[in-house]
Structures are given as C-alpha cells and as structure tokens.
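Protein chains in written order, with numbering that gives the first Met the number 0: chain A, 0 to 297; chain B, 0 to 217. Where is the CB? At the ideal position from N, CA and C, for every residue including glycine. Notes follow once the structure below has been shown.
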Amino acid sequence: MNELLTSIRRTPYQSFTAFLVLFFTLFLSLALFTSLSFLYGILGYVETRPQVTVYFQTKTPESEIFRTRDQLVASGKILSIKYISQADAFNIYKNLNKDNPLLLEMVSADILPPSLEIYAKKPIYLPEIAEFLKKQPAVDEVQFQKDIFDRLITLTSILRKVTIVFFAYLITMSIIVLTTTTLFKIALKKEEIELLRLLGATNFYIRKPFLLEGLFMGFTASVVSFLILAGILFYLSPFLGAYLRGTPPLILDLNWTQLTVWPINPTFLAITFGLSSLFGMGIAAAASFLATNKYLKV
Amino acid sequence: MIIFNNVTKRFPLGNTALNEVSFEIADNDFVFLVGPSGAGKTTILKLIMREYTPTAGKVTVNDLKDLVALRRSIGVVFQDFKILPDKNVFENIALSLKVIGMRPAEIKTKVREALEMVNLSHKEKVFPLQLSAGELQRVAIARAIVGDRQILLADEPTGNLDPKTSWSIIKIFRKLEGKRTIIIATHNTDIVNSMQKRVFVMKDGKLTKDIKKGGYEL
C-alpha cells in the first residue's frame, strides 16, 4: 500500500488524469445503467396493465361475450382474460368516485358497458387481437395500449443501442487514455524495470505495481462516482416519488433474479456499486496490462 | 559451469563484438577478463546474463534454459552501478531479494549481512546521492552478492576509483573466492597481476590468451 501511494505521489498529474477519466466513464455508465433500469422497470409495469380492453354494447347478452372470450382463448395467443360485467364496472366506478356523490347519483349499472380485459402472450399479437374484436358485431369500442407500449419498447431499444455505442466509446477512450498515462509512468521507471529484469524479476512482478495502481484507481473512481449518483438519486427521490405515485414497485427482470428499482432499494444500489467497481477495475486493469505488454514486450 | 562454444556476436549495424570465442569456466572459479576497450569483455558478461543472444555458437550457463532462473543465479555489478536514486541503500540491495519473493524478515537479515560485508552497515538509510563513488560501488556489490547467487559478474568494478578504494573493493571479492564463480572485467593491471588468478585476454573480439594463473600487460 505504501509503495502504491508513493507511486501516485510521485506522478500526481498522471494519476489524477487516470482518476478523472475513470470517474467520468464510471459516472456516465452508472447514470445510463440506472436510467435504463428505471425504463425497464416502467416497461415491466406497463406490461402488467391490461393490454387490450374491449367494451361491448350495453345490451349484449353475456353468452355472446363469453363466446367471443372463448374464441380468443382458443386462438392460443392469450395469456389471460378477465370479464368485467356491468355490475363489476359499476362497483369499480363507485370505488373510483366514492368522494363525489353527485357523480354516483347520475350513473347506474345498466349504462356501463360490460368489457373484457385481455393480456396477450406477446405484444406482437395485440394488433391481430384488436382487429378480430373490432369485427365482432356486439363490440362498441376496442382500446389497446399498443402505441404506448410500442413507444416504450422503441425508446428502450434506442436507449439500449445508444448506451452500447456510448459504452464502447467510453471504454475505448478510457483504455487509450489510461494506457497512455501508464506508459508515461513506465517511461519514468524505465531504468528500474530494466534493472528488475536483469535481477531476475518475472513479468508478473514487473506488472504488479501498475496493475495494483490501476485496480486502486478503478475502485476509488467507482466509489466516488457511486456516492455522487446515490446522492443525486436520494435528492431526486421526492420528485420521482410524486411522479410515480400510484404505481407499484418498478421491477427489473434479470432472468436469474428480479430487482426492485423503485422505491430505492439497497440490493439494487449494492449490485450497481458492485458492477461499477468491477467495470472500473476491469478497465484500469486492462489498460495497465496493455501498457505493460506494449512497453515491456513481454 | 559456464561454457562458450564458438560464440560470435554481431550487431545489426555489422560490427562484430565477439568472434568465435570458446572457453569453459568451472564452478567457483575466479576469472579476470582483460583487454582494451572494445575488446569484447562486456559482451561476454552480457551474453552470460543473456542480455544479448549470440549470433552464432552456444552459451551454456549451469544448463539453465529459463531466463528468470538464469538471472536469479547471477549477481551483477554493473559498470554504471544501476543504483536507483529514489531508493535508499537498504532498499536498493533488498530489491535483489524482493524479486525472488523472499519474506521481509529474511530480506532484512540478508541485506544487513551484505552491508556488513561491504562495510556499509552505518549507511543503510542513506540515499545514493549522498554516497561517494566508492560507496556506490560497494552498494552495487552488496546487491550482487546478497542472496547467495552462484555466479558473480563485475564489469569494471574499480573503474574511476582511486587505488585505495579499488583495493578495498577487490578485498570484498576475495572474501567470496571459492564460494561462487566470479568473473571480473577490468583494465586494472595492478590488481590482476597481484591476484594471480585465471586471466582471459581479449583483443578485437577474440580470446587471445587463457592464462591459468597469472597477470598481463596492456
């Protein structure tokens, strides 16, 4: 540790440049990762809403509604389907307007349409289901969230692609700058390295201090960038809370586990910190490795 | 055992530093390499420590193939000392043991033994800039002899030193005589003649004489 700090002290400008580059990369990466996680959480939430709601004319007999429902189920494209009778609709209406007696007096169950809330197995089935329903004679209106859903998917997809390109750029830039700063450091230690080789040092022994310094820089930069991002998140949490009021917790589905993104969750923060630390240390270690490899020709 | 078998060293620009040189040096032998500047003395030392590879012929050092193992078996006193200015005397000597992964406690003991041998025990915390040329030379020797390396190479260890200091340096080598193979490249005729050891006389990249026990004249 002493040798590490001495090395940083002896080359302060190179060390500070390395730190700033790593901090910049990690902070932006963390910000993008958090934004994407929120967006995926919102996407997951939207997916849980009824994807197609079909309203039937008020006089439609239940048998006809059930026939339509059974036809949809038979298509094999439906994940689940829920029938909302006129009485159920009235109960929902009453519940929503319980604070407004005037509105309750004006409405009775027989003027509310019965409906079906439909969840498709895949979003691509939605237009087909909507088209089928529109052709049914008893159907009054078909609402489906394809536009919102499509826009979210498009936005997420664009953001993911932009993030990949941006990540690639950040990683490349960081590695180039860090490799250059490490090369400066190596040049300053040229005589020592030459001597170490003549004394019988292994390549790893020569590389070790540069790798350790890289790992230390990567970890420090990730701690600082994480603390700043966490501070921003906590500062914005009241505004986000107001904006997302009424929505259930936003979940990020990672195949092997599900992470709660919102409300702010310690596990999500810990995983974010762990990933950023590994990312930072990985970049710094790769740069140190490249620099030593190039310079030492080992 | 160090074996040179018809070794030639030619540099890319075409100058031949060594031309079909052959010799054998047994374990714990004491050899002086003498000859004028450019005769090939330093090239022989660099070939032994595999800083150079021969253009033709073969160099064998204790049958060691691995470069790291080979260099760990050789202690070198460089012509330009190669003492690191940002490390103190103790740290400079300890470097030789740190690279082989010795434990700190053992390093402390061994470095102090080496410092005692070169009479620099009182200067272990001193930095190179505060040392005289003779003291720097002794630090370089301490670094070469610490850790019981089997072969000791010294390139002009008394160059630029006054006669008294030169003799004090040679005394250190005499203490190690018979305990390891010692090869010293030098111009110093007085020392070579008085020591009566094996002498290789080099001229224009060729080994012109191999005197088993004797001296030489420039």
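Item: Under 8 angstroms between C-beta atoms of B:Val200 and B:Val6; Value: no
Item: CA-to-CA distance, A:Leu101 to A:Gln135, given in whole angstroms; Value: 35 angstroms
Item: Short Cβ contact (8 angstroms threshold) for A:Gly199 with B:Val98; Value: yes
Item: Closest residue to A:Leu3 among A:Ala284, A:Leu210, A:Gly240, A:Phe272 (Cα-Cα distance); Value: A:Leu210
Item: Residues that B:Thr274 bridges to, as DSSP identifies them; Value: Any answer about residue 274 of chain B is impossible in this case: the structure gives chain B only from 0 up to 217.
Item: DSSP state of B:Glu176 mapped onto helix, strand, coil; Value: strand
Item: Through-space distance from A:Gly213 to A:Ile174, alpha-carbon basis; Value: 11 angstroms
Item: For B:Ile24, the three-state DSSP class (helix, strand or coil); Value: strand
Item: Endpoints, the beta strand (DSSP E) within which B:Met201 is located; Value: 196-202
Item: Positions along the region 191-204 of chain A whose CB lies within less than 9 angstroms of some CB in chain B; Value: Glu191, Glu193, Leu194, Leu195, Arg196, Leu197, Leu198, Gly199, Ala200, Thr201, Asn202, Tyr204
Item: As assigned by DSSP and simplified to three states, the class of A:Val297; Value: Its pLDDT being 44, under 50, A:Val297 is placed unreliably by the model, and the measurement read from it follows with that caveat. In the structure shown, A:Val297 sits in coil (DSSP, three-state: anything other than H, G, I, E or B).
Item: Interface residues of chain A facing B:Glu50 [CB-CB closer than 8 angstroms]; Value: Leu197
Item: The region 70-104 of chain B: positions lying closer than 7 angstroms to chain A by Cβ; Value: Arg70, Arg71, Val75, Lys81, Leu83, Leu94, Ser95, Val98, Ile99
Item: For A:Phe26 and A:Ile227, believed in contact at Cβ under 8 angstroms, the rounded distance; Value: 7 angstroms
Item: Within-8 angstroms CB hit, B:Val67 to chain A; Value: yes
Item: Those residues which DSSP pairs with A:Thr52 across a bridge; Value: A:Glu116, A:Gln142
Item: Supposed contact pair B:Glu50 and A:Leu197 - C-beta distance, whole angstroms, cut 8 angstroms; Value: 7 angstroms
Item: Expected contact under 8 angstroms - CB spacing of B:Arg179 and B:Ile140 to nearest Å; Value: About 13 angstroms; that fails the 8 angstroms criterion.
Item: Enclosing alpha helix (DSSP H) for A:Lys93 [first to last residue]; Value: 85-95
Item: Rounded separation between A:Leu289 and A:Phe272 - CA only; Value: 26 angstroms
Item: Buried versus exposed call for B:Glu112 [16 or more other C-beta atoms within 10 Å across all chains shown]; Value: exposed
Item: Cβ separation of A:Ile117 and A:Ile80, assumed to be a contact under 8 angstroms, to the nearest whole Å; Value: 5 angstroms
Item: Residues of its chain near B:Lys205, where Cβ-Cβ distance is below 6 angstroms and the 5 sequence neighbours each way are ignored; Value: Asn18
Item: Beta-carbon contacts of A:Tyr124 that lie in its chain and below 6 angstroms, excluding the five residues immediately before and after; Value: Lys76
Item: CB contact below 8 angstroms: A:Thr271 versus chain C; Value: Protein chains A and B are contained in the structure displayed, whereas chain C is not.
Item: Sequence-distant residues of the same chain with beta carbon closer than 7 angstroms to B:Leu83, five excluded per side; Value: Asn91
Item: Contact the region 2-16 of chain A vs the region 257-268 of chain A: 3+ CB pairs below 8 angstroms; Value: no
Item: C-beta neighbour in chain B for A:Val297, strict 8 angstroms; Value: With a pLDDT of 44 at A:Val297, under the threshold of 50, the predicted position of this residue should be treated as unreliable, and no value is reported.
Item: Assigned secondary structure, B:Val98 (DSSP; H/G/I helix, E/B strand, else coil); Value: coil
Item: Extent of the continuous alpha helix (DSSP H) to which A:Ile227 belongs; Value: 202-242
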